[in-house]
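*Asks:* Position in the sequence shown (first residue = 1) + 30 = our numbering.
Would you mind keeping the following structure in view while I ask a few things?
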Amino acid sequence: MDPRALYQEVIVEHGRRPRNFGKLEGANHIARGHNPLCGDKMTLYLKVNDQGIVEDARFEGEGCAISMASASLMTEAVKGKSAEEAELMFENFHDLVMNTHEAKRPIELGKIKILAGVKAYPSRVKCATLAWHTLHNALEGGGEVSTE
Ligand code: FES
């Protein structure tokens, strides 16, 4: 399938029916993210166990299809990963969509790479990174983070 068409399909599908949407009872890492360009906000909940593994991840918020799809894919991807691996995924994803340099960290983004299609729409890159900045903040201790 043409990568652009695949990108559109994944955004529409995950945007309409985001996975892991809702509050997570028992979360021990909580962070809020904010995209000041549009005012959209999201809250991310993580449950990280004593071994440092992300046992569960959920999110709440209102945003465009790209931000919802990105949060949906991100929460799916980090479940079962260690906090360190999740942080490496954040760094790889950031590099992928900001096009700074080729990511060489030892972690695969898998299906999330489809979101690189957002680079064709520069004004929407922050929609795709909102969930990831929020993840980074949650792993760092929580609080509020902005994509700016
Ligand atoms: Fe607000 Fe995309 S328009 S996050």
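Think of the CB as a built atom: it goes at the ideal place given N, C-alpha and C, for glycine as much as any other residue.
1) Please give the ranges of any beta strand (DSSP E) in the stretch 91–169, keeping only runs that are unbroken, at least 3 residues long and fully inside the region.
2) On a Cα-Cα basis, can you pick out the residue from R154, K156, L169 and V148 that is closest to A35?
3) Compare the Cα-Cα distances from A95 to each of I60, L145, A107 and E174 and report the closest residue.
4) Just mark N167 as buried or exposed, buried being the case when its beta carbon has 16 or more other beta carbons within 10 Å.
5) Figure out for me which residue from M128, N58, G91 and M31 has the closest Cα to the Cα of Y151.
6) If you measure between the beta carbons of C157 and D80, is that distance less than 9 angstroms?
7) Can you list, in chain order, the residues of its chain whose CB lies under 6 angstroms from that of M119, leaving out five sequence neighbours each side?
*Replies:* In short, the structure shows the following:
1) none
2) On the sequence shown, position 5 is the one that residue 35 refers to. The shortest C-alpha separation from A35 is found at V148.
3) Sequence index remark: in the sequence shown, residue 95 carries index 65 (1-based). For the residues I60, L145, A107 and E174, the minimum Cα distance to A95 belongs to L145.
4) Sequence index remark: in the sequence shown, residue 167 carries index 137 (1-based). Label assigned to N167: buried.
5) In the sequence shown, counting from the first residue as 1, residue 151 sits at position 121. Measuring from the Cα of Y151, the nearest candidate turns out to be M128.
6) Mapped onto the sequence shown, residue 157 falls at position 127. Mapped onto the sequence shown, residue 80 falls at position 50. It is not a contact, given that the beta carbons lie outside the stated cut-off.
7) As a position in the sequence shown, residue 119 is number 89, starting the count at 1. Here the set comprises I137.
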